[in-house]
Structures are given as C-alpha cells and as structure tokens.
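Listed below in structure tokens is the structure:
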C-alpha cells in the first residue's frame, strides 16, 4: 500500500533534524512513497532544496511546518494551495519576529485566526482534560481541515498511547492519520542525531538520558514496515491528505513592496515621474531627442514585463542610502540602462557610451533584470533593516 509521509524534519530544524532535505526526498522516492512533506519547526527554510530534489526524483512534495504553541499544543500545518502557503508564511514571520533570533512564539489563537486554509494535523502529547479541550476548540473552528496524527515508534507505551488516541479521535469525531515524526532519512543517522540532541541541551551524550531518542525508528521506513505497524485506514488517510495538497513552489513569483508607490498613483506613472525628474536633472538644458527615445523604449519594455516595482524598489534603496550619506553605487549591466541613469542608480550615460540596453533587460530572457548595488560595508545593515 502506498504512503505519504506528512511529518518530517530536515536539518533546517536546527539540532532536531539529522538529514538534508535532498537526502530525505531521495530516500522517500527510493522507498516508493507517494509524497513527502517537509515540516521544519516554524520554518520553511528547507522547502526550496526539497522542491528542487523532488522535481529531480519525481516525487510529490508537500510544504508545511511543525508548530509548538504556547498552550502546549503541537500541530502540523500543511499548505494545500498558494493562499494557504501565504498564510503559513505570514504566521511564521509573525511568530519569529515576536521572539529573539532562533526562537518563536505562536498561540492557538494565531493558528485559528491566521491559518484559515491550511490543513492541520494535531499531535497531542497527553490525554487529559486540558488537551481534549484544545482539541475540541480546534475541531469547532477548523472543522474538516483537522486530523489527529498517530506515530508508531515502537516505544514502551505504544499500545496504551494508541488506544488513548483512538478514544480521543472518537470523542472529537476526528479522522486518524499515520505520521512518522521523521528526524532522519535512514537509521544510520541516529548517532548524529544523538550528538545534535546533546548540543541542544548543552550536555554530553552519556548524560542525555530520556532526552535522546529511545530508538532509531524516526527515519523513513519501508512501506512493508509501515504496513505492519499501522492499520490500512491510517495509511490511506495520508494519501487522502496528500491528494488535497496541490501547491508547488513553482507557483511563486517575487512580490515587490507596494509601499514604494504613493497613494493615488500607479507603479508605471510613478516610475515615469521619477525618470522624467531625473532626466531633467541629468540634462538641465533639455533631454536630447535620441536619449528621450531611448528612455521611452526602456520604459515601454519595463511596463510590458511588469518590472516597475523592481526599479522603484531599487530606487528606494538608493534614495534611503544617499539621504543618510551611506555610500551606494550601482554597477554591472545596469549601467546599460538610461532609466537607471535617470534614477541615480548608476552614474554612466549609456547613450553617450554606446551601451546596449538589451544586455541588461530583454523580452527574450525570461528572468528579471539584475541591478548590483555596492553599499558601504560598515553601514550595510542600516540599508538591510530599511
């Protein structure tokens, strides 16, 4: 029976995952998995490398994240579509910005109000009244987007724990789904995971005690092993969830900040206004006809390819730096652009120097232009923060 692994940490879950995304993807494909979810803790950092590896291996990748909430609730959030991915990205950013670097803070309220499209897998670690109350709250507000995850890891209390999860699922009318709680692509990485765990707790491996994994089961296991451990319905439910997830990173395009355009103007009109003002400053005696023709040609192509926000964003960076006397200079193929010259991004008149605009931007190249900015190194952080 096929299977989709929906809970998998990579090395981008710092000191918790012991395998690279590409190793996990390659192993899942080798084992014949139908899909693999990379669910690093409050992070999407491993998704890009996993996406590239999944395309090469021919396996479906699901993008998601594990979240440990302040209330003690542990959830997996999976993105079935572009809108859900945007929600998850926003929640992760919000949770990280609330806390010191390397930490995060998210609440049940955050999940309920910000993840309205994500598929959620609840991973209860206890069976008590408080836990069931949180489950009831999730069920009431998330309805058919919520599952209860079951991880069979051959621990001492496995049977008792599974019976408790079954009872909880029945009481809350939640479907059960198999989840591997994967930390490594093969069992051979267990010693490395022990080292990571010791580092995380600032102790030696010998002193870890129960804090280390009890065995090496939290790796990508064979389909035969999974079929021996899980009822068929739980494996089938993993495939059902995977079938609901159609999102791919291929759908993403960079979205430039809209704040660079004043209210009441479009990006195109604002860019043309700035370029006209810059041209007047560059040629106080009037813009020569050949240069004006070059500017018009460039602006038309920029508009056709919808790169106005890109140029406005770079202009805003340069403006910010120069207003604060931070040394900043554009270079490279951007010097071939009269628009960049008018905006003050570069300092070379491309028409006078006979430089070809097409070397910088062309409709034949399906990629955005590349404007290199050299910024004073000891004040670069000021610009980054802006």
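Residue numbers (this note's numbering): 50 to 435. Just so you know, even glycine gets a beta-carbon here, dropped at the ideal spot from N, CA and C. All of these numbers come straight from a predicted model, not from anything done at the bench.
Q. Taking one C-beta from the stretch 82-97 and one from the stretch 138-149 each time, how about it: are there three or more such pairs within less than 8 Å?
A. yes
Q) residue 87 by DSSP, collapsed to three states: which one? A) strand
Q: Use the C-beta contact count for residue 321: other C-beta atoms within 10 angstroms, 16 or more gives buried, fewer gives exposed.
A: buried
Q: State the start and end residues of the unbroken alpha helix (DSSP H) segment that holds residue 243.
A: 239-249
(Q) Alpha carbons only, please: which of 195, 390 and 266 is nearest the one belonging to residue 128? (A) 195
Q) Would you say the stretch 184-200 touches the stretch 147-156, given that touching needs at least three Cβ pairs under 8 Å? A) no
Q: Report the three-state DSSP secondary structure of residue 424 (helix, strand or coil).
A: strand
Q: Please list, in chain order, all residues of the same chain as residue 71 whose beta carbon is under 8 Å from its beta carbon, the five residues on each side excluded.
A: 98, 99, 101 and 102
Q. Which value, in whole angstroms, describes the spacing of the CA atoms of residue 175 and residue 220?
A. 15 Å
Q.
In the DSSP output, which residue or residues are listed as bridge partners for residue 109?
A. 84
Q | Start-to-end residues for the beta strand (DSSP E) that takes in residue 226 | A | 225-227
Q) Does any residue of chain C bring its CB to less than 8 Å from the CB of residue 283? A) Among the protein chains of the structure shown there is no chain C, as only one such chain exists.
(Q) Quick check on the DSSP output: what are the complete beta strand (DSSP E) runs of length 3 or more inside the stretch 135-197, in order along the chain? (A) 168-171
Q) DSSP three-state call for residue 378: helix, strand or coil? A) strand
**Q.** Beta-ladder partner(s) of residue 114, from DSSP
**A.** 126
Q. How about the stretch 360-371 and the stretch 328-343: do they share at least three Cβ pairs that are nearer than 8 Å?
A. no
(Q) Relative to the C-alpha of residue 389, which candidate in 374, 376, 375 and 368 has its C-alpha closest? (A) 368
Q: Check residue 233 in the structure and name its three-state DSSP category.
A: strand
(Q) Under 8 Å, with one C-beta from each stretch per pair, do the stretch 233-249 and the stretch 154-166 reach the 3-pair mark? (A) no
Q. Going along the chain, which unbroken runs of the alpha helix (DSSP H) with 4 or more residues stay wholly within the stretch 370-418?
A. 387-391
(Q) Would residue 386 and residue 347 be called neighbours here (beta carbons separated by less than 8 Å)? (A) yes
Q: State whether the stretch 281-290 contacts the stretch 221-231, with contact taken as three or more CB pairs (one from each stretch) at a distance under 8 Å.
A: yes
Q | Residue nearest to residue 109 in terms of C-alpha spacing, selected from 290, 247 and 350 | A | 290
Q: Alpha carbon to alpha carbon, how far is residue 405 from residue 349? Give it in angstroms, no decimals.
A: 16 Å
Q: Determine the direct distance from the alpha carbon of residue 409 to that of residue 279, and round the result to whole angstroms.
A: 57 Å
Q: Take every Cβ of the stretch 262-274, pair it with every Cβ of the stretch 72-86, and state whether three or more of those distances are shorter than 8 Å.
A: yes
**Q.** Contact belief for residue 218 with residue 167 at Cβ below 8 Å, rounded distance in angstroms
**A.** The Cβ separation is near 20 Å, so there is no contact.
(Q) Using CA atoms only, rank isn't needed, just tell me which of 377, 413, 392 and 391 is closest to residue 428. (A) 377
Q.
Within the continuous alpha helix (DSSP H) that includes residue 211, where are the two ends?
A. 207-221
Q.
Below 8 Å on the Cβ atoms is my contact criterion, and I expect residue 245 with residue 64 to pass it. Report the Cβ-Cβ distance as a whole number of Å.
A. 4 Å
**Q.** Contacts around residue 311, its chain only, beta-carbon distance under 8 Å, and the 5 residues preceding and following it disregarded
**A.** 319
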